[in-house]
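Residue numbers (my numbering): 2 to 123.
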């Protein structure tokens with residue numbers, strides 16, 4: 002049986018540095034567990050671009066574009082005109098390896114304050 006990891010961040014250099022493992026070893030380990038495909042989830046403009054680049058160079062990898070809900074506490078006009086528009090542009094380019102818009106919705110796991118929750122709702 003083959004599995005798809007629908008939410009991973011192996012495209013992010015911080016991931017491999019944090020766990021001191023190569024991307025190739027991650028893919029080998031996953032394959033031995035039956036995981037043959039990955040959806041690499043972007044959490045901001047930069048990591049969304051990284052997810053696309055990773056997906057283009059790795060068979061079985063796909064990308065999801067996003068701005069994480071935690072980012073809304075920092076939203077300014079400059080943010081919307083810059084990073085948000087960039088993610089929107091990436092989505093409109095219709096890359097064959099982009100399969101989803103992710104990291105959207107309300108996420109109260111780390112931020113339980115009423116201010117942050119209300120910001121996310123807006």
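Cβ coordinates follow ideal geometry from the N, Cα and C atoms, glycine included.
So what does residue i bridge to, in DSSP terms?
i: residue 63; result: 40
i: residue 45; result: Its beta-bridge partners do not exist; DSSP assigns none.
i: residue 99; result: 64
i: residue 85; result: According to DSSP, residue 85 bridges with nothing at all.
i: residue 5; result: 38
Is the beta carbon of residue j closer than 8 angstroms to that of residue i?
i: residue 100; j: residue 92; result: no
i: residue 67; j: residue 22; result: no
By a C-beta neighbour count over all protein chains shown, 10 Å radius and 16 as the cutoff for buried, is residue i buried or exposed?
i: residue 51; result: buried
i: residue 44; result: buried
i: residue 40; result: buried
i: residue 46; result: buried
i: residue 13; result: buried
i: residue 33; result: exposed
Ignore the nearest five residues each way along the sequence and tell me which others in residue i's own chain have a CB closer than 6 angstroms to its CB.
i: residue 38; result: 5, 61
i: residue 53; result: 64, 96
Since residue i and residue j should fall inside the 8 angstroms C-beta cutoff, what is the C-beta to C-beta distance between them, to a whole number of angstroms?
i: residue 8; j: residue 42; result: 5 angstroms
i: residue 29; j: residue 11; result: Going by Cβ atoms, the distance from residue 29 to residue 11 rounds to 12 angstroms, so no, they are not a contact pair.
What residues in its chain sit with their C-beta under 7 angstroms from that of residue i, if we drop five residues either side in the sequence?
i: residue 56; result: 41, 62, 63, 64, 98
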